[in-house]
Amino acid sequence: MKKISLIGSTGSIGRQVVEIVKRYPSRYKIVAMTANSNKSLFDRQVAEIRPEAYALASEDRNVALGLAEFADADLIFNAASGFAGLEYSLNAVQAGKPLALANKESLVCAGDLIVSLAKKTGAEIIPVDSEHSAIWQCLNFDAGKSVRRLIITASGGAFGDRSYETLKNVTPDEALAHPTWKMGKKITIDSATLMNKGYEVIEAHMLYGTPYSAIETVIQPQSIVHSLVEFADGAVMAQMSYPTMEIPVQLALSFPDRLVSTVKSMDFQKAFSLGFKPLVRENYPCYDLALKCGESGGIFPCVMNAADEIAVKAFLEGRISFTDIFRVVDGVVQTAHGGKIQNFAQLTEVDEAARRSAQKIIERL
1 MKKISLIGST GSIGRQVVEI VKRYPSRYKI VAMTANSNKS LFDRQVAEIR PEAYALASED
61 RNVALGLAEF ADADLIFNAA SGFAGLEYSL NAVQAGKPLA LANKESLVCA GDLIVSLAKK
121 TGAEIIPVDS EHSAIWQCLN FDAGKSVRRL IITASGGAFG DRSYETLKNV TPDEALAHPT
181 WKMGKKITID SATLMNKGYE VIEAHMLYGT PYSAIETVIQ PQSIVHSLVE FADGAVMAQM
241 SYPTMEIPVQ LALSFPDRLV STVKSMDFQK AFSLGFKPLV RENYPCYDLA LKCGESGGIF
301 PCVMNAADEI AVKAFLEGRI SFTDIFRVVD GVVQTAHGGK IQNFAQLTEV DEAARRSAQK
361 IIERL
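Counted from 1, the sequence shown has number 65 at position 65 by the numbering used here; the numbering is strictly sequential.
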């Protein structure tokens, strides 16, 4: 029986964790859980699951943060979204707990801090993102295995091959119309700008210790090939399935075992094609900016993430154009001063300052 502390139980990933646990009641038990502010759903989950401990972060954040190091838990599953989820990861790793990580911001904003801390405490970081889970599977669950290249796939988002100059007047509804994945609004917009894929390159660098020069992104429009690994001898391995988060979420709980899921089997008796296209970098300036911030390191990825959260929100509210998202984030990054990340308190200050700068740029626009 694996005991789980679930962070972010009411979000898309958190709800999938709950369903998988219910499917395998003899294997898993949620002993602690927290969510941010969806009280009605959280109350229903608590009544059904009956965890030993639970807290709503909007009502008592200190208690909620403590559940990321819950003594009785064998695994901390961080499905919280945004910068607010980062502190849970730090607490879990500090406690030496295995961490199933679905919170992108943890490694984007504080990757060096979290990875170095995990090495000291022996905490294992288990990737949940579909791309990083795919790489992990191709490496046979050995994150330290030597590789020649990591090849991360991208769908191309809502606008595919359209040139950047044609996107100024697109609407939020158009940007949210992702062709293959159903996701939250923030990550769907980040998919359209390809900022999300830039985040994933940073995460891959942190998770697998692979140099940025050995990480590539290619467009795979069908979203069937979730990522590929090229080994020293030139052999390339890929992980494939129809677009779904159920496989990586369930595998984060069950590895090295693979359990039956509800995922539809791929039908190789019907003709279909797998397309790969080179990434046209000039169409995705946010992607290039993310890579520059990742390579610069220090506070820059945190600054970028904070500005992007504010810019995407402003776009969804109709306050700026789609192409202004890059202008806002780039403007904030350009005014930032470098420096190493020392602790979470410093990260919080950097995050708050970047958000204020982003708001000022938005007001001018």
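A virtual CB, placed ideally from N, CA and C, is assigned to each residue, including glycine.
field: Element boundaries [beta strand (DSSP E), containing Lys3]
entry: Note, Lys3: beta strand (DSSP E), 2 to 7.
field: C-alpha distance - Thr244 paired with Ser5, whole-angstrom precision
entry: 23 Å
- request: Between the Cα of Leu279 and those of Ala118, Pro172, Ala110, Gly157, spot the shortest distance and give me the residue it belongs to.
  value: Gly157
- request: Return the residue from the list Glu352, His132, Arg15 that minimises the CA-CA distance to Leu228.
  value: His132
- prompt: Rounded C-beta distance between Ile189 and Phe315? I'm assuming under 8 Å.
  reply: 7 Å
task: Determine the contact status of Tyr208 and Ile126, defining contact as a CB-CB distance below 9 Å.
output: no
- prompt: Going by beta carbon distance, what residues of the same chain come within less than 7 Å of Glu246, once the five residues before and after it are set aside?
  reply: Gln16, Ser261, Thr262, Val263
query: Are the region 67 to 79 and the region 25 to 44 touching by the rule of at least three beta carbon pairs closer than 8 Å?
result: yes
- request: Say whether the region 48 to 60 touches the region 89 to 107, bearing in mind that this needs 3 or more beta-carbon pairs closer than 8 Å, one atom from each stretch.
  value: no
Where Met183 sits in the DSSP three-state scheme: Residue state, collapsed to three classes: coil.
query: What residue does the beta strand (DSSP E) around Ala47 start on, and which one ends it?
result: Ala47 -> not in any beta strand (DSSP E); alpha helix (DSSP H) instead, spanning 39 to 49.
Every unbroken alpha helix (DSSP H) inside the region 157 to 241 [4 residues or more]: Scanning the region 157 to 241 for uninterrupted alpha helix (DSSP H) segments of 4 residues or longer gives 172 to 175, 185 to 193, 195 to 208, listed from N- to C-terminal end.
query: Between Asp330, Thr10, Arg319, Ser223, which lies nearest to Lys292 when the distance is taken from Cα to Cα?
result: That would be Asp330, whose Cα lies nearest to the Cα of Lys292.
- prompt: How is the beta strand (DSSP E) around Ala84 delimited, first residue to last?
  reply: Per DSSP, Ala84 belongs to no beta strand (DSSP E) and is neither H nor E.
query: What is the DSSP secondary structure of Lys366, reduced to helix, strand or coil?
result: There is no way to answer for residue 366, as the model of the chain reaches only from 1 to 365.
message: DSSP has Ala154 in a bridge; who is on the other side?
response: Ile219
Straight-line Cα distance separating Ser81 from Val108: 13 Å
- prompt: Mind checking Leu251: buried by the 16 CB within 10 Å criterion, or exposed?
  reply: buried
field: Exposure label - Met266; buried when at least 16 CB within 10 Å
entry: Answer is exposed; the Cβ neighbour count stays below 16.
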